[in-house]
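Since the structure comes first, as structure tokens, the remarks are kept for the end.
Numbering (the numbering used here), first residue to last: 1236 to 1369.
In structure tokens form, the structure reads like this:
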């Protein structure tokens, strides 16, 4: 049986350390993904006045204004409808779980409530017009 050289001992220790670091990183990544919202999570309903505007959000009744069209099932908002002063704000949930609206399309936010607030900020007092369906 050959003796254990210093070089062999250091090489083995480095390999074990690299394996342990990879396993720890993979476990940490999996934990981070499970802690984040997934597209299947349903957002909370809300009804509040923000900067003098009434914003509401609630689960929608399925069909949506697309009627199940090219995206395979109603609203882009994943069954969630948002309103500003009673007018529907078209929202969409991204694959990463963030939300965008027709008003702030290039500024993703974490929740539909944040999308409604961002729209109110962007509107600067202007009235939200209904989104055309065709």
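Glycine included, each C-beta is placed from N, C-alpha and C at the ideal position.
Closer than 8 Å by C-beta to residue 1270: which residues in its own chain qualify, once you throw out the five before and the five after it? Chain order, please.
Stepping through the chain shown from its first residue, residue 1270 is reached at position 35. In this prediction, residue 1270 scores a pLDDT of 46, lower than 50, which makes its location untrustworthy; no coordinate-derived value is stated.
To the nearest angstrom, how far is the alpha carbon of residue 1284 from that of residue 1295?
Along the chain shown, read from residue 1 onward, the residue named residue 1284 stands at position 49. Along the chain shown, read from residue 1 onward, the residue named residue 1295 stands at position 60. Going from the Cα of residue 1284 to the Cα of residue 1295 covers about 20 Å.
Of all the options 1335, 1331, 1248 and 1328, which has the alpha carbon lying nearest to the alpha carbon of residue 1350?
As a position in the chain shown, residue 1350 is number 115, starting the count at 1. For residue 1350, the nearest C-alpha among the options comes from 1335.
Within 10 angstroms of its Cβ, does residue 1287 collect 16 or more other Cβ (buried), or is it exposed?
The residue given as residue 1287 occupies position 52 in the chain shown. The residue is exposed, with fewer than 16 neighbouring Cβ atoms inside 10 Å.
Please report the distance separating the alpha-carbon of residue 1321 from that of residue 1363.
Walking along the chain shown from the start, residue 1321 turns up at place 86. Walking along the chain shown from the start, residue 1363 turns up at place 128. When rounded, the distance between both Cα atoms is 9 Å.
Bridge partners of residue 1292, per DSSP?
To locate residue 1292, count along the chain shown from 1; it is residue 57. Note: residue 1292 sits in a beta bridge opposite 1281 and 1317.
So the candidates are 1343, 1354 and 1345; which of them puts its Cα closest to the Cα of residue 1290?
Along the chain shown, read from residue 1 onward, the residue named residue 1290 stands at position 55. Answer by Cα proximity: 1354.
Where does residue 1245 fall in DSSP's three states?
On the chain shown, position 10 is the one that residue 1245 refers to. Residue 1245: helix per DSSP, three-state reduction.
Out of 1277, 1358 and 1341, state which residue places its alpha-carbon closest to the alpha-carbon of residue 1319.
Taking the first residue of the chain shown as position 1, residue 1319 is located at position 84. If we check each option's Cα against that of residue 1319, 1358 comes out closest.
Using a threshold of 8 Å, state whether the C-beta atoms of residue 1347 and residue 1333 are closer than that.
Taking the chain shown and counting its residues from 1, the one referred to as residue 1347 is at position 112. Taking the chain shown and counting its residues from 1, the one referred to as residue 1333 is at position 98. Contact: no.
Go to residue 1362, then tell me how far its alpha helix (DSSP H) extends in each direction, as first and last residue.
For this step, residue 1362 is matched to residue 127 along the chain shown. Taken as a continuous stretch (DSSP letters only), residue 1362 belongs to no alpha helix (DSSP H), as it is neither H nor E.
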